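Structure record follows, encoded as structure tokens.
In my numbering, the protein residues as written are 1 to 173.
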């Protein structure tokens with residue numbers, strides 16, 4: 001579809017579409033953000049960031065990943081397929097993944113600062129594991145290809161994050 005076609009469908013001028021979104025990629029970015037980043041998402045992120053217990057914080061990351069993937073799953077499948085013929089869409093997916101990776105650093109720093117990272121697991125490796133486990137490919141494989149429910153994925157993800165990244169909490173006697 002062309003910008004002109006989009007403008008006609010929206011009953012605005014093509015210049016208005018260009019002024020607001022700059023390109024078709026700009027439109028897609030806005031659609032992705034609107035489908036994912038609502039007040040429920042903001043509340044979930046706020047709860048996760050305000051949690052002081054590392055295990056609680058990690059477990060709260062699972063529903064955030066689920067919400068993002070539930071909302072964007074079909075769109076990113078389309079992006080991945082379209083990226084073969086439209087390099088700017090492949091680049092958009094890479095940029096979004098890079099941004100997701102950057103934003104996850106804060107979580108790993110909090111686990112490190114709490115002294116709870118698995119022994120022998122450095123900050124870079126922990127961040128890579130967190131990024132991989134919360135990624136859309138894992139979600140796609142389990143939920144879309146293996147027919148897991150979103151809730152089963154979320155529960156598995158929460159457990160996997162805790163077991164992969166955290167040293168067990170010592171019990172007080």
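Glycine included, every Cβ here is placed at the ideal spot set by N, Cα and C.
On a predicted model such as this, the values are computed, not experimentally measured, just so you know.
Following the continuous alpha helix (DSSP H) through residue i, name the residue where it begins and the one where it ends.
i: residue 157; result: 150-165
i: residue 105; result: 105-113
i: residue 142; result: It is not in any alpha helix (DSSP H) - residue 142 carries neither H nor E in the DSSP assignment.
i: residue 123; result: 123-133
i: residue 50; result: 39-50
Of the residues the options, which one's Cα is nearest the Cα of residue i?
i: residue 15; options: 25, 63 and 3; result: 3
i: residue 120; options: 166, 18, 103 and 70; result: 166
i: residue 91; options: 100, 148, 25 and 7; result: 25
i: residue 52; options: 138, 150, 107 and 154; result: 107
i: residue 139; options: 64, 124, 99 and 169; result: 64
Ignore the nearest five residues each way along the sequence and tell me which others in residue i's own chain have a CB closer than 6 Å to its CB.
i: residue 27; result: 21
i: residue 84; result: Reliability of the predicted coordinates at residue 84 is poor, the pLDDT of 48 falling under 50, and the value obtained from them is presented with this limitation in mind. Counting only Cβ-Cβ distances below 6 Å, and skipping sequence neighbours, we find nothing.
Ignore the nearest five residues each way along the sequence and tell me which others in residue i's own chain have a CB closer than 8 Å to its CB.
i: residue 161; result: 58, 59, 61, 62, 130, 133 and 134
i: residue 104; result: 127, 130, 131 and 134
i: residue 54; result: 110, 111, 114, 116 and 166
i: residue 18; result: 3
i: residue 67; result: 36, 40, 41 and 44
i: residue 13; result: 7
Is residue i helix, strand or coil by DSSP?
i: residue 92; result: helix
i: residue 117; result: strand
i: residue 12; result: coil
i: residue 67; result: helix
i: residue 56; result: helix
i: residue 84; result: With a pLDDT of 48 at residue 84, under the threshold of 50, the modelled position of that residue is not reliable, and no figure is offered here.
i: residue 25; result: helix
i: residue 4; result: helix
i: residue 20; result: helix
For residue i, collect the residues of the same chain with a Cβ closer than 7 Å to its Cβ; drop the 5 residues on either side in sequence, then sort them by chain order.
i: residue 154; result: 62, 63 and 66
i: residue 143; result: 150 and 153
i: residue 48; result: 57, 60, 61 and 64
i: residue 69; result: 136 and 139
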